[in-house]
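A.B. asks:
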Amino acid sequence: MNTDDLINSLSAGVRPLARHAVERRLGAALALGGAITAVMVVLGLGLRSDFATAVHGYAIWMKWAYTLSLGVIAILATRHLARPEATRSDWLWLLVIPVGLLAAVAATELARAPQSHWLAMWLGDSWRQCSMRVLLLSVPIFAGLIWAFRRFAPTRLRLTGAAAGLASGGWAALLYSFHCGETSAFFVLTWYTLGMVAAAGFGALVGPRLLRW
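Just so we're aligned, residue 95 is where the sequence shown starts under the numbering used here, counting upward by one.
1) Looking at T147: is its Cβ nearer than 8 Å to the Cβ of P234?
2) Along the alpha helix (DSSP H) that carries A258, what are the first and last residues, could you check?
3) Does D184 come out as helix, strand or coil in the three-state DSSP assignment?
4) Around the Cβ of W187, are there at least 16 other Cβ atoms within 10 angstroms (buried) or fewer (exposed)?
5) Please go through the same chain and pick out, in chain order, the residues whose beta-carbon is closer than 6 Å to the beta-carbon of L126, but skip the five residues on each side of it.
6) For A132, name the three-state secondary structure that DSSP assigns.
7) Going by the beta-carbon positions, is the gap between L196 and A279 smaller than 8 Å?
8) For G289, tell me which candidate among M226, F272, A242 has the shortest Cα-Cα distance.
9) Grouping DSSP H, G and I as helix and E and B as strand, with all else coil, what is T277?
10) Please tell me whether G138 and F236 are closer than 8 Å, where the distance is taken between their beta carbons.
11) Three or more beta-carbon pairs under 8 Å between the segment 238-252 and the segment 264-280, yes or no?
12) In whole angstroms, give me the CA-to-CA distance for R173 and V116.
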């Protein structure tokens with residue numbers, strides 16, 4: 095059998111992938127995992143008691159903008175890495191934009207506050223729980239993304255796992271912000287980011303095993 099015949103025999107009966115199949119499957123994974131995480135937040139932690147008032151302030155919108163932008167960038171990187179020909183993802187470089195902007199906001203807040211307030215702005219009332227909660231809340235979303243990847247063929251497994259972990263951490267942090275009452279950009283930059291980085295690290299650790307095909 096020559097090469098052309100071998101290729102033809104291997105490809106016989108293979109159905110073409112539907113258009114936007116990757117996007118639809120990732121969207122379904124995010125929706126399912128996000129719904130489970132949202133239930134965990136509402137029933138396990140509870141919405142912040144002043145939520146109706148908080149939506150009129152800048153702090154919660156700052157958290158939403160930061161976590162949503164990271165989640166969107168990471169899921170775009172994950173979508174790209176789902177393809178077998180992908181060796182890297184330039185989407186990940188865009189992460190410096192929201193991180194840099196929030197760092198600028200945090201620096202401005204610190205400059206306007208007395209130095210004696212800096213420690214309280216950094217630690218808030220929940221620094222011990224924040225990062226771990228973001229990490230734990232990311233698990234259902236990460237599991238959904240791993241389910242989605244059963245139909246994909248990534249080749250950069252560790253990088254893909256890290257991107258999926260970061261995406262799940264970003265969306266989990268967004269949902270966690272509905273409970274969290276912290277208002278300092280310095281707090282969000284430190285402890286929210288740490289939780290998302292931990293989720294990315296977890297994804298990088300388990301990605302090669304779970305995404306192997």
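Backbone N, C-alpha and C fix where the C-beta goes; we use that ideal spot for every residue, glycine too.
Fair warning: this is a prediction, and the values are worked out from it, not measured in the lab.
C.D. replies: A quick look at the data gives this:
1) no
2) 251-270
3) Helix at D184.
4) It is exposed - the Cβ of W187 has fewer than 16 other Cβ atoms within 10 Å.
5) Once the five neighbours on either side are set aside, the close Cβ partners of L126 are G238.
6) Helix at A132.
7) yes
8) M226
9) coil
10) In this structure, G138 sits away from F236, with a CB-CB distance that is not shorter than 8 Å.
11) no
12) About 7 Å.
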